[in-house]
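Presented below is the structure to which this report refers.
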Amino acid sequence: MDILYLMIVCSVSLAVIFLIIFIIGAKNGQFEDDESPAVRMLFDSEIQKEEKEKQHQQQDDGNLKEENIDKL
């Protein structure tokens with residue numbers, strides 16, 4: 496019978512520990528946005544295209560600056 500009391504105390508203690516961890520996570524914003532990460536992977540190619548366009552624009556701007564310096 497003593498082991499039964501020990502098991503009850505252990506299981507309740509473990510449940511309280513998990514509850515405390517959950518409350519701390521909820522207060523820190525761990526569970527605020529569950530949907531965006533799943534949808535974000537669908538838009539990955541658009542982000543890469545935008546980054547490539549920005550790189551090309553920066554390279555073009557750099558080439559124009561070099562041409563203007565050569566003309567001076």
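Read left to right, the sequence shown gives residues 496 to 567 (our numbering).
Glycine residues also receive a C-beta, built at the ideal position from the N, C-alpha and C atoms.
By how many angstroms is the C-alpha of residue j removed from the C-alpha of residue i?
i	j	result
Met496	Ile518	33 Å
Tyr500	Leu509	14 Å
Glu546	Glu530	24 Å
Ala521	Ile515	10 Å
Pro571	Ile498	This structure does not reach residue 571, given that the chain is present from 496 up to 567, and the question cannot be answered.
Phe538	Gln550	19 Å
Val504	Phe513	14 Å
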